[in-house]
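The structure appears right after this line, and notes come after that.
Number of protein chains: 2
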Amino acid sequence: MMGMNEEGSLTGNVGFLLGKLGQVASNRFAERLAAIGLRPRHCWLLESLRAAPTNQLDLARRLDVAPSVVVDMVDELERLEAVRRVRDTRDRRRQYVELTATGRTLLGRAARVGRDLDVELLAELSARQRTALRDALGVIAAANGLPTG
Amino acid sequence: MMGMNEEGSLTGNVGFLLGKLGQVASNRFAERLAAIGLRPRHCWLLESLRAAPTNQLDLARRLDVAPSVVVDMVDELERLEAVRRVRDTRDRRRQYVELTATGRTLLGRAARVGRDLDVELLAELSARQRTALRDALGVIAAANGLPTG
DNA sequence: TATTGTTATACTCTATAACTATA
DNA sequence: TATAGTTATAGAGTATAACAATA
Chain A
1 MMGMNEEGSL TGNVGFLLGK LGQVASNRFA ERLAAIGLRP RHCWLLESLR AAPTNQLDLA
61 RRLDVAPSVV VDMVDELERL EAVRRVRDTR DRRRQYVELT ATGRTLLGRA ARVGRDLDVE
121 LLAELSARQR TALRDALGVI AAANGLPTG
Chain B
150 MMGMNEEGSL TGNVGFLLGK LGQVASNRFA ERLAAIGLRP RHCWLLESLR AAPTNQLDLA
210 RRLDVAPSVV VDMVDELERL EAVRRVRDTR DRRRQYVELT ATGRTLLGRA ARVGRDLDVE
270 LLAELSARQR TALRDALGVI AAANGLPTG
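Those sequence lines, one after another, are chains A and B.
If you read the first sequence in the numbering used here, its first letter stands for residue 1, the second for the next number, and so on.
If you read the second sequence in the numbering used here, its first letter stands for residue 150, the second for the next number, and so on.
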């Protein structure tokens with residue numbers, strides 16, 4: 001027998017570990033992000049807009065959250081002048097959301113926070129393990145419809 | 150240049166991906182767990198008890214949640230007859246929490262749910278990538294004080 | 001009638017603080 | 001006084017449903 005996992009055990013389960021570590025990573029990311037006035041969900045939205053601007057309902061689909069949550073996030077990001085609502089002239093129901101120069105700057109700062117966090121999070125791994133982890137997570141993200149750059 | 154990541158991008162960032170994928174994994178785990186009346190946090194507690202029975206305050210420390218949250222979780226698990234509170238006879242302030250036979254059965258079912266989810270979550274990865282991912286997550290979990298079996 | 005965005009509301013999960021019973 | 005557990009309450013973060021404007 002090679003594995004250490006016992007029959008009825010959940011430790012060592014990838015979904016289980018992912019859930020716990022995701023919580024840890026998100027909390028740490030949130031703590032540091034607070035310094036620049038953002039929360040993780042704002043980054044998901046900004047990142048999605050950077051890939052391609054779109055309207056609010058489409059953002060809800062992309063981020064897999066309720067439309068009312070997008071309203072809230074866009075309100076907050078508009079207050080930070082990171083995004084701008086632009087009414088579609090051809091279908092006036094649609095609100096297009098655009099990234100501003102400020103938004104791009106904020107996203108850049110968030111990316112730096114993320115890189116710093118990665119260095120700490122992956123400190124115990126070898127260079128090879130880091131690459132393998134990054135690749136594996138990228139594949140899973142892509143398979144689940146998340147943006148992968 | 151080997152990487153595809155652009156300068157100001159967060160996609161490809163491990164902490165960022167971990168946060169999003171952790172949310173996805175947790176939500177799916179929660180959905181399926183509902184069929185057997187459990188939520189993810191119940192599994193963390195049951196898993197911790199399986200490793201070693203203890204009192205409520207120690208569980209709060211182990212799981213890194215507030216003591217009041219443990220009260221709630223133990224209430225719910227007692228209703229399911231998955232655990233039993235046993236008053237410590239030597240220090241009557243302490244409530245020891247024990248896993249029952251029912252609790253063991255439930256944990257076994259939860260483990261099956263976790264294994265099934267893993268198969269789907271890792272479907273796109275090669276056997277080698279799966280092992281590498283499992284190992285890397287285990288190392289990070291251990292480095293952050295989480296149980297690793 | 002259907003769709004986009006919005007508001008109102010409620011639910012889940014968690015933390016903090018006040019309380020009780022024991023020590 | 002201090003500790004283990006409990007209760008009450010409040011804060012995030014989310015979802016659902018009803019609504020207004022537009023199609």
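Using N, Cα and C, we set each Cβ at its ideal position, and we do this for glycine too.
Checking 8 Å against the spacing of the C-beta atoms, do residue i and residue j come in under that value?
i             : j             : result
residue 19/A  : residue 183/B : no
residue 53/A  : residue 122/A : no
residue 164/B : residue 29/A  : yes
residue 132/A : residue 285/B : yes
residue 95/A  : residue 129/A : no
residue 74/A  : residue 85/A  : yes
residue 252/B : residue 21/A  : no
residue 124/A : residue 209/B : no
Using the Cα positions of residue i and residue j, report the straight-line distance between them to the nearest angstrom.
i             : j             : result
residue 13/A  : residue 283/B : 8 Å
residue 27/A  : residue 181/B : 25 Å
residue 141/A : residue 275/B : 15 Å
residue 191/B : residue 237/B : 23 Å
residue 188/B : residue 288/B : 25 Å
residue 90/A  : residue 97/A  : 15 Å
residue 9/A   : residue 255/B : 11 Å
residue 101/B : residue 119/A : In this structure chain B extends from 150 to 298, so residue 101/B is not present and cannot be described.
residue 207/B : residue 213/B : 10 Å
residue 146/A : residue 228/B : 38 Å
residue 199/B : residue 265/B : 21 Å
residue 263/B : residue 225/B : 21 Å
residue 2/A   : residue 72/A  : A caution first: residue 2/A carries a pLDDT of 41, below 50, which makes its placement in the model unreliable, though a value can still be read off. Spanning the two alpha carbons is a distance of roughly 49 Å.
Drop a sphere of 10 angstroms on the beta-carbon of residue i, count the other beta-carbons inside from all chains shown, and report buried for 16 or more, exposed for fewer.
i             : result
residue 37/A  : exposed
residue 82/A  : buried
residue 160/B : buried
residue 211/B : buried
residue 70/A  : buried
residue 4/A   : Only weak support exists for where residue 4/A lies, its pLDDT of 45 falling under 50; the value from the coordinates is given anyway. It counts as exposed.
Can at least three beta-carbon pairs, one atom from the segment 32-51 of chain A and one from the segment 92-111 of chain A, be found at a separation below 8 Å? yes
At 3 residues or longer, and completely inside the segment 195-219 of chain B: list those beta strand (DSSP E) runs for me, N to C. none
Could you name each continuous beta strand (DSSP E) segment of 3 residues or more that falls completely within the segment 89-122 of chain A, going from the start of the chain to the end? 95-99
List in chain order: all unbroken beta strand (DSSP E) runs of 3+ residues lying wholly within the segment 5-47 of chain A. none
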